[in-house]
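Here the structure is laid out as structure tokens; the discussion comes afterwards.
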Amino acid sequence: MERQTNITGLTDEQVLLSRQANGTNILVRKKEYAIFRALRDLAKEPMVILLLAAATIYFISGQVGDGIFMGVSILLVAAISLYQDARSRTALEALHKLTQPNAKLIRNGKKITLPLGEIVLGDIMIIDEGSSVPADGVILQANDFSVNEAILTGESMPVAKNNQSSDIQVYQGTTVATGLAICEVTGIGINTKLGQIGKSMESIEEERTPLQVQISSFVKKMALFGIVVFAIVWAINYNKSADILDSLLKSLTLAMSILPEEIPVAFTTFMALGAWRLMKMGIIVKQTTTVEALGSASVICTDKTGTLTNGQMSLARLYTLVDDKIVDSDGAASEHTIALIRTAMWASEPFPFDPMEKALHKAYGETAAVNERTSFHMVHEYPLGGQPPMMTHVFTNDEGERIIAAKGAPEAILSVSTLSEEILIRIQQVLDKMTREGYRVLGVADAIYEGNDFPAEQQSFQFEFRGLVGFYDPPKENIKQVLDDFYSAGLDVKILTGDNAATTDTIARQVGLRHPEMAIDGGALMDLPAKTFEEKTRNSTVFTRVFPEAKLAIIRTLKSAGEIVAMTGDGVNDGPALKAAHIGIAMGEKGSEIAKRAASLVLIDDDLGKMVEAIAMGRRIYTNLKKAIRYIISIHIPIILTVFIPLALGWIYPNIFTPVHVIFLELIMGPTCSIIYENEPAEPGIMQEPPRPFQETFFNWRELTTSIIQGLAITAGTLFIYQYAVRIGMDEALTRTMVFITLVSANIFLTLVNRSFHHLISTTIQYKNNLVPLIIFITMALTAALLLIHPLTEFFEFRTPAISELGVAAAIGCISVVWFEGIKIFLIMREKQKHDTQVPG
214 MERQTNITGL TDEQVLLSRQ ANGTNILVRK KEYAIFRALR DLAKEPMVIL LLAAATIYFI
274 SGQVGDGIFM GVSILLVAAI SLYQDARSRT ALEALHKLTQ PNAKLIRNGK KITLPLGEIV
334 LGDIMIIDEG SSVPADGVIL QANDFSVNEA ILTGESMPVA KNNQSSDIQV YQGTTVATGL
394 AICEVTGIGI NTKLGQIGKS MESIEEERTP LQVQISSFVK KMALFGIVVF AIVWAINYNK
454 SADILDSLLK SLTLAMSILP EEIPVAFTTF MALGAWRLMK MGIIVKQTTT VEALGSASVI
514 CTDKTGTLTN GQMSLARLYT LVDDKIVDSD GAASEHTIAL IRTAMWASEP FPFDPMEKAL
574 HKAYGETAAV NERTSFHMVH EYPLGGQPPM MTHVFTNDEG ERIIAAKGAP EAILSVSTLS
634 EEILIRIQQV LDKMTREGYR VLGVADAIYE GNDFPAEQQS FQFEFRGLVG FYDPPKENIK
694 QVLDDFYSAG LDVKILTGDN AATTDTIARQ VGLRHPEMAI DGGALMDLPA KTFEEKTRNS
754 TVFTRVFPEA KLAIIRTLKS AGEIVAMTGD GVNDGPALKA AHIGIAMGEK GSEIAKRAAS
814 LVLIDDDLGK MVEAIAMGRR IYTNLKKAIR YIISIHIPII LTVFIPLALG WIYPNIFTPV
874 HVIFLELIMG PTCSIIYENE PAEPGIMQEP PRPFQETFFN WRELTTSIIQ GLAITAGTLF
934 IYQYAVRIGM DEALTRTMVF ITLVSANIFL TLVNRSFHHL ISTTIQYKNN LVPLIIFITM
994 ALTAALLLIH PLTEFFEFRT PAISELGVAA AIGCISVVWF EGIKIFLIMR EKQKHDTQVP
1054 G
């Protein structure tokens, strides 16, 4: 039972009146209209600039119909881009709303949690360790309270405050370092100190990932290549025709075909929608680029309490030195066990927020004959400190009675208590027994001190050891399966905990951690030389008595060893390590505001099992993005070469395609890569594959080879049809039609073949993706319209082919792509043969 307070907070009516009079706790920021931003960004797109140039030239040269088509194409490209931008923006706005911090308030005499923006002037807010102060206020009550005001003052050291201090103010945006305070709100929104100096905590500067850098570099190189080829093609055409406008149009055709503008769009779309999909699963991704790292995670460092266990500490065992026996907390209480609980409660915070302290307050309420909590008040406190840690509180009442109570790690309490060697050995045996059974054990002691000049350090008191209290926090029901899933996916799992070795070992074995015997103490680890430190960090699976500096050093060492590190954390001291990890994972329910701010990902319901789903989603998104980008590269190659080779080699119809043909193909390819592939399900066995090296991308020769060969094969098909049509006497319009049909057919089959680089079409056709038949149907319907609707046929300079001619072109388009299915069959058979060789018969 928590200590009672007579603070009731505002009523609903008072909240309404305050909101009407003073507004809410929202910082007014300069609003940028999304549509204007999207249009501004669109105007900078190279493809839009090329289309505008082509449309202008068409109009100047009197080709009004082509100019209008280009204008319509600009609108279509803009519509597609705006649609993609809207999808990404909607997803990000939803994420932004979920990542907004909540505030704990007292209203109508009850403690409630509301979004920060709901706070009104006069509200009573509760701020505790690890939280961010949601509004300016004055302290009404405080326990062991200190706040870091570096955001306002630049001073990195926490400042201790209470309602008796010279400064009783707390300020929005500062962070609570220790303890708890109840404050009345005196400033909200723009009227806070933070609001007045114009700072905002909401903007996050995202560092570009290796894949983003490589995408940007690839697109820039292709753009430079396009400029060079544009100049060459313009020179060739101008040399032949001496017509500057016509030459520019023909060279613009090639420039359009070279520019892979779909790649950065696909990346942005996949990352934003991936983050949105994760949000729907109960996982908040604060930076969308984290999605890229998820599929590469190779090590997950997890804390124990609340992650592997339920995080619901219950007082289970009691040991008093006087009785010298371990008893159940729910058994018949002796006067000594009641006294032990009383001392442990006084050593806790008066307003407990730690699960163990809440359990002690509850046990005190159930066992104490008289509730002394209302008559005693704290006069001095020593916050949790030391390695291993302990804490001490000093209370007194109006009659001058004094209570000095301490609790903490048993090693710390024993070290400050006066005990004989024989008793120490006996207590250690009891402690070993309790920890081996999986209990979280704290030592409890009290002291007598007459003066008022309290010592500077709590260890200076002459403590008398009273006993041990054991808490039980059972493993989560699903956690064994979660660890098995991590292992199946090729991840290494390490436990980093502040608990002792015996308790951790018991839990580690219960949850199925591999090699729990490979354990090391955090203090001992930090004393090792650098080389041994790295070796122990890589080989150990359990790290006990880990303090913040050790945790950070472990994360950094694993990163320097080439591991992609995911780490869970919920406390204030986890912040640096969470920020240092590639994937910092904070707990949504019990995580501190500091942890959530430092982390890149938040598990809303504290379920580590969601990380298995997140890693699977990360792998799926990366794989699908790879398919999309390789598709883009493969289909761009034949467009480029089909435009360039006839011109460069002086074939009979040198300009087989014009800008209208290229832009039509671009309009087909854009939705294919960003809509079909983004919606693809995960391939079978994706979570049985080892993690992908983070620095490995598809912009290297090993990854590009297949795409280039596919593109060259399609080019061979289009150029074969070109020559076939010329040899049997087809005119330019029919030749163009045959080449175009071949390219569109190849595009359709490439879409199907590239749905997997491992599985055959016969397998992928069973994947659930309703957008595949839809987009293919739209592509075929548009192509049919161009061939059957006479005005369109004339405009595109086509000629309606015979069924046999259509069949030949479609067949060549199919053959130029489906040959890759043969490669897949070869790889599948080789893999099967390798497996059969490895498995004894």
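So the sequence shown is residues 214 to 1054, counted in the working numbering. Each residue gets a CB set at the ideal place from its N, CA and C atoms; glycine is no exception. The structure presented is a predicted model; accordingly, all values stated were derived computationally and were not measured.
Whose C-alpha, out of the options, is nearest the C-alpha of residue i?
i     : options                    : result
I852  : I888, T931 and Q600        : T931
H549  : K575, A557, G1020 and V535 : V535
L726  : P688, L880, F746 and L741  : P688
G784  : Q672, L862 and V389        : V389
R555  : T482, I539 and V657        : V657
G203  : P904, A959 and R833        : A question about residue 203 goes unanswered here, because the residues of the chain that appear run from 214 up to 1054.
A316  : G651, S628, E397 and I449  : E397
M739  : I798, K1045 and A766       : A766
H728  : V441, I708 and I974        : I708
Y652  : A622, N665, R679 and Y662  : A622
E826  : G797, A811, N837 and I899  : I899
H972  : S630, Y935, P477 and E1034 : E1034
H590  : A444, Q672 and N610        : N610
N376  : T745, V351 and F857        : V351
A552  : Y532, F566, P565 and I1038 : Y532
K517  : G711, A861, V952 and V441  : G711
E1084 : E612, P602, M882 and G599  : Since the first and last residues shown for the chain are 214 and 1054, residue 1084 lies out of range.
Among the residues of its own chain, which have a CB less than 6 Å from the CB of residue i, if the five just before and after it don't count?
i    : result
Y980 : P894
R843 : S920
V778 : V512, I768, L771, K772, A794 and H795
P859 : P867 and I869
N982 : N892 and E893
G683 : A529, R530, M647, Y652 and V654
S630 : A658, F676 and F678
T955 : G930, T931, I934, A1022, I1025 and G1026
G222 : I319, R320 and I337
DSSP three-state label for residue i, please.
i     : result
R232  : helix
R649  : helix
R1012 : coil
F608  : strand
S344  : coil
E614  : coil
T405  : coil
K517  : coil
E730  : coil
R758  : coil
G711  : coil
K499  : coil
E570  : helix
F431  : helix
S630  : strand
E677  : strand
R586  : helix
R216  : Only weak support exists for where R216 lies, its pLDDT of 43 falling under 50; the coordinates are left without a value.
S413  : Caution is warranted here: a pLDDT of 39 is assigned to S413, below 50, making its placement in the model unreliable, and the coordinate value is therefore given only provisionally. Three-state DSSP puts S413 in coil, outside helix and strand.
F358  : strand
V535  : coil
What residues in its chain sit with their C-beta under 7 Å from that of residue i, if we drop five residues either side in the sequence?
i    : result
E362 : E368, V372, Y384 and T387
V724 : L521, P688, I692, K693 and L696
A774 : E747 and R751
I974 : L965, V966 and E1034
So, at 8 Å on beta carbons, what are the nonlocal neighbours of residue i in its own chain, with the 5 sequence-adjacent residues on each side left out?
i    : result
G392 : D341, E342, A355, N356, D357, F358, S359, E562 and P596
R639 : D537
I327 : First, the amino acid is wrong: residue 327 is Leu here, not Ile. Closer than 8 Å at Cβ, skipping near neighbours: N315, A316 and L318.
D225 : R320 and N321
Using a Cβ cut-off of 9 Å (strictly closer), state whether residue i contacts chain B.
i    : result
V939 : Here chain B cannot be found, since the structure has a single protein chain.
Note to self: For the stretch 789–808 against the stretch 755–772, do three or more pairs of beta-carbon atoms, one drawn from each stretch, fall closer than 8 Å, so that the two count as touching?
What the structure shows: yes
Check: Are the stretch 633–651 and the stretch 690–705 touching by the rule of at least three beta carbon pairs closer than 8 Å?
Finding: no
Notebook entry, point to check: What are the uninterrupted segments assigned as beta strand (DSSP E) that are 3 or more residues long and contained completely in the stretch 776–863, given in chain order?
Noted result: 778–782, 796–800 and 814–816
Margin query: Give the list of continuous alpha helix (DSSP H) stretches no shorter than 4 residues that lie fully inside the stretch 992–1045.
Written below: 1003–1008
Next item on the list: For the stretch 943–982, list the alpha helix (DSSP H) runs that are entirely contained and at least 4 residues long, ordered along the chain.
Entry: 945–966 and 974–977
Check: Within the chosen definition, does the stretch 372–381 reach the stretch 399–410 through at least 3 CB pairs nearer than 8 Å?
Finding: no
Notebook entry, point to check: Quick check: the stretch 664–675 against the stretch 798–814, are there 3 or more CB pairs under 8 Å?
Noted result: no
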